[in-house]
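Using the numbering used here, you'd call the opening residue of the first sequence number 68 and step up by one each time.
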Amino acid sequence: MRYSKLLAPTLKETPADAVVVSHRLMLRAGYVRKLSAGIYTYLPLAQRTFTKVANIIREELNRAGAQELTMPAVQPAELWQESGRWEQYGAELLRFKDRKGNDFVIGPTHEEVITALVRDEVKSYKQLPLNLYQIQTKFRDEVRPRFGIMRGREFVMKDAYSFHVDDADAHKEYDNMFRAYTRIFSRCGLRFRAVEADTGSIGGNRSHEFQVLADSGEDAIVFTVDAAGKPTYAANVELAPVAAAEHNEKPELPCSVVDTPKKKTIEEVAAFLGVPPARVLKGVLFDVDGKPVLAMCLGDRDINEVKLKKVLGAKDVRLLLDEEAKAAGLKPGFVGPLNLPAAQASHPSVMLAVDHGVKGLAGLVCGANAWDKHHVQVAWGRDLIVADDCLADLTTAKAGDRCGKNSDVYQAARGIEVGHVFFLGTKYSTAMKATFQGEDKAEHPYVMGCYGIGVTRTAAAAIEQNHDDDGIRWPAPIAPFHVSLVALGVDKETMDLAEKLEGALEGLGIEVLFDDRDERPGVKFKDNDLIGNPVRLAVGGKSLKEGVVEVKLRSETKEQLRKVPINEAVHVVAALVNGLLADARKAADDAAV
RNA sequence: CGGGGUGUAGCUCAGCUUGGUAGAGCGCUUGGUUCGGGACCAAGAGGUCGUAGGUUCGAAUCCUGUCACCCCGACCA
Numbered sequence: 068m069r070y071s072k073l074l075a076p077t078l079k080e081t082p083a084d085a086v087v088v089s090h091r092l093m094l095r096a097g098y099v100r101k102l103s104a105g106i107y108t109y110l111p112l113a114q115r116t117f118t119k120v121a122n123i124i125r126e127e128l129n130r131a132g133a134q135e136l137t138m139p140a141v142q143p144a145e146l147w148q149e150s151g152r153w154e155q156y157g158a159e160l161l162r163f164k165d166r167k168g169n170d171f172v173i174g175p176t177h178e179e180v181i182t183a184l185v186r187d188e189v190k191s192y193k194q195l196p197l198n199l200y201q202i203q204t205k206f207r208d209e210v211r212p213r214f215g216i217m218r219g220r221e222f223v224m225k226d227a228y229s230f231h232v233d234d235a236d237a238h239k240e241y242d243n244m245f246r247a248y249t250r251i252f253s254r255c256g257l258r259f260r261a262v263e264a265d266t267g268s269i270g271g272n273r274s275h276e277f278q279v280l281a282d283s284g285e286d287a288i289v290f291t292v293d294a295a296g297k298p299t300y301a302a303n304v305e306l307a308p309v310a311a312a313e314h315n316e317k318p319e320l321p322c323s324v325v326d327t328p329k330k331k332t333i334e335e336v337a338a339f340l341g342v343p344p345a346r347v348l349k350g351v352l353f354d355v356d357g358k359p360v361l362a363m364c365l366g367d368r369d370i371n372e373v374k375l376k377k378v379l380g381a382k383d384v385r386l387l388l389d390e391e392a393k394a395a396g397l398k399p400g401f402v403g404p405l406n407l408p409a410a411q412a413s414h415p416s417v418m419l420a421v422d423h424g425v426k427g428l429a430g431l432v433c434g435a436n437a438w439d440k441h442h443v444q445v446a447w448g449r450d451l452i453v454a455d456d457c458l459a460d461l462t463t464a465k466a467g468d469r470c471g472k473n474s475d476v477y478q479a480a481r482g483i484e485v486g487h488v489f490f491l492g493t494k495y496s497t498a499m500k501a502t503f504q505g506e507d508k509a510e511h512p513y514v515m516g517c518y519g520i521g522v523t524r525t526a527a528a529a530i531e532q533n534h535d536d537d538g539i540r541w542p543a544p545i546a547p548f549h550v551s552l553v554a555l556g557v558d559k560e561t562m563d564l565a566e567k568l569e570g571a572l573e574g575l576g577i578e579v580l581f582d583d584r585d586e587r588p589g590v591k592f593k594d595n596d597l598i599g600n601p602v603r604l605a606v607g608g609k610s611l612k613e614g615v616v617e618v619k620l621r622s623e624t625k626e627q628l629r630k631v632p633i634n635e636a637v638h639v640v641a642a643l644v645n646g647l648l649a650d651a652r653k654a655a656d657d658a659a660v
């Protein structure tokens, strides 16, 4: 490909509204342009990278036994009404009417379509299991699109759905997909971690996220490692179990009530009373399926809504508004576990849920359920008596906590969620009456799994993880081109040689971006660094007079530049490219064991 | 949805407070000099100042509505 013919409008200046590195670089290097909030045009360079990611996904999924199909982006409302998500999904579901006034949606996901298809076309257990996937543009009307392609409204996604006769077979496929995902992200050259995750509104009860490790990631994850540094457990913080600390403190002073005028926050109370925030009980009021709940933890921690929801077996958890709290007889800012207001005709009693990190502590401070008053010297077992079924792991995990699974100390990292695997069970098949006839002649709902990969987001995550001040440093398997061939002049000798090298490399299946523009070398180096192809071959100028060309990896410094005799250039470049590609394949083989 | 902010040339922005007929740098076109890490000189092209209305002799500037976009929060397979 000739650079002079390529539409890759690079920018010297950074567009004002790009906050994260991947967004900035994709704009500056001429990969994408914004059309509307969260909606982007993918220019040729981006398209090439997306195609590569998609093809790696295809190869690995086909190899794992899945089949590709394509479902409609536009879906009739009836399907969504059947599954119940027409009401549940909310404003993120983009709805519209056709000319006849019928309701439609633009698919944010395809559980309904695939379930309807399989329901109609698959009748017998003999046709199962089945795993079907597509790679397609999705639309989710995000509340707040941001970070360019990382969190757009329109994006390309691979979604797969599997159908099984029973749980055991579905779990087998889950493991199969887990391995395929591990291979896919390894082959993309990414450093990632599979973590246990919440299933959210999609339902199901087993789920892993694949998180690309990057400090700019939106997700917080924690993990434990063994002596060799190999991860032994990893989870999203919203799910990661925190082991209960073993405290057994003896009370030294009697409990009393003190004035704390207008001191509402943990910081204010702690500073006013001269105690560390970790000694102040934090009380957060929730509306749990319509009932008030007071969740308590130590002041240096945060109550985790996902855990609270799970522990209480609730459908819906949200923060209680101040007015609602007052209506229930509570004093926001001064709530505490002692003498909670009793149930009255106007409101039910307030239920108490306490984090197990509080157990066994003494000398605590907590709200006294009276304006401008707190209890001090509160001691577990003496003043604070909590029934076992009100005590649970309720806080968000953080570095330094002990893991609830293996008791090792958690380390923390940030991640970008690029893939997610779910065990769905029969949620959709039951709702949509999708059944097959089993060996026992009875009708059974399919047991389902679903598996997603954000194709566009994977590319953005790769940039977040692989860049420097000069631009992108693509992992070779997903770079738009393998080689940037830079002609350092446009004289005949240089151009003839460059053309010859281009042809020879392409003959070996190597993708070359030949910068044939009549530009100064500095401009070409800058643009090609920005674009980020993994190998650079520079031809012409000083080195040509010495009878050599220059070869450098994008990840190397100028000092590491190789001077290669012209007749060895093709061999050297090809060996470098093939070496980089082979490394990624080997990583996939190693990782998938 | 709550809070904050911004819309002026393809991009980054100045001009707005205090109304007087539109600016800079980068990019683009042409010519010349250059030529190994985003060159220099000269000459050009390019803007209904988001949009609708109002105030005024006169509006990019003041007022009102509206739309779009960005940031923080809430939200989120």
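The C-beta atom is built at its ideal place from N, Cα and C for all residues, glycine as well.
By the Cβ rule, the region 287-294 counts as touching the region 473-488, because three or more pairs are nearer than 8 Å.
Boundaries of the alpha helix (DSSP H) harbouring Met93: 88-95, taken from the DSSP string. Look at Asn595 here: in three-state DSSP terms it is helix. If you draw a straight line from the Cα of His314 to the Cα of Lys426, it is about 7 Å long.
Here Lys440 is bridged, per DSSP, to Asp326. Between Asp170 and Ala133, the C-beta spacing is not below 7 Å. Contact between the region 226-234 and the region 454-461 is absent, with fewer than three C-beta pairs closer than 8 Å. A residue is called buried when at least 16 other Cβ atoms come within 10 angstroms of its Cβ; Leu386 does not meet this threshold and is exposed.
The beta-carbon separation of Gly256 and Ile545, rounded to 7 Å, stays under the 8 Å limit for a contact. Excluding its 5 nearest sequence neighbours in each direction, Trp147 has C-beta neighbours in its own chain below 8 Å: Trp153, Tyr156, Leu160, Val172, Glu179, listed in chain order. Bridge partners of Ile577 according to DSSP: none are assigned.
In this structure, Ala429 lies near Ala446, with their beta-carbon atoms less than 7 Å apart. Here Ser283 has Val87, Glu531 as same chain residues with Cβ atoms under 6 Å from its own Cβ, once five neighbours each way along the sequence are excluded.
Ranked by how close their Cα comes to the Cα of Phe489, the residues Thr266, Ile633, Val355, Gly350 have Thr266 in first place.
Judged by DSSP in its simplified three-state form, Lys349 adopts strand. For Ala302, the uninterrupted beta strand (DSSP E) run begins and ends at 298-303, by DSSP. Only residues of its own chain outside the window of five on either side were considered, and among them Ser89, Ile216, Met217 have a CB closer than 6 Å to the CB of Ala527, listed in chain order. In this structure, Asp535 sits away from Thr291, with a CB-CB distance that is not shorter than 7 Å. Under DSSP, Ser551 forms a beta bridge with Leu580, Arg603. Annotation: Leu306 to Arg540 spans about 33 Å, alpha carbon to alpha carbon. Unbroken alpha helix (DSSP H) runs of no fewer than 4 residues, entirely contained in the region 81-155, are found at 88-95, 111-130, 144-150, 152-155, following chain order. For Thr525, there is no enclosing beta strand (DSSP E); the residue is part of the alpha helix (DSSP H) that begins and ends at 522-532. Taking 7 Å as the cut-off, the beta carbon of Ala237 is found closer than this to the beta carbon of Gly516. With a beta-carbon spacing of about 6 Å, Gly424 and Leu365 fall inside the 8 Å limit used to define contacts. If one requires a minimum length of 3 residues, the beta strand (DSSP E) runs lying completely within the region 355-404 are 358-365, 384-386, in chain order. Here Asn406 is exposed: its Cβ has fewer than 16 other Cβ atoms, across all protein chains shown, within 10 Å. Note on Val557: under 16 other CB atoms within 10 angstroms of its CB, so exposed under the neighbour-count rule.
It is roughly 13 Å from the alpha-carbon of His511 to the alpha-carbon of Val185.
If you look at Gly157, you'll find it isn't in any beta strand (DSSP E); DSSP assigns it neither H nor E. Contact annotation: the region 431-438 touches the region 391-411, with at least three C-beta pairs closer than 8 Å. Annotation: Ile633 is outside any beta strand (DSSP E) and is labelled neither H nor E by DSSP. With respect to the 7 Å criterion, Leu643 and Val616 are not classified as neighbours on the basis of their beta carbons. Judged by DSSP secondary structure, Asp234 falls within the alpha helix (DSSP H) whose first and last residues are 234-254.
Tyr200 carries a strand assignment under DSSP once its states are collapsed to helix, strand and coil.
Under DSSP, the beta-bridge partners assigned to Phe290 are Ala301, Gln478. When the Cα atoms are used, Tyr518 and Lys205 turn out to be separated by approximately 15 Å.
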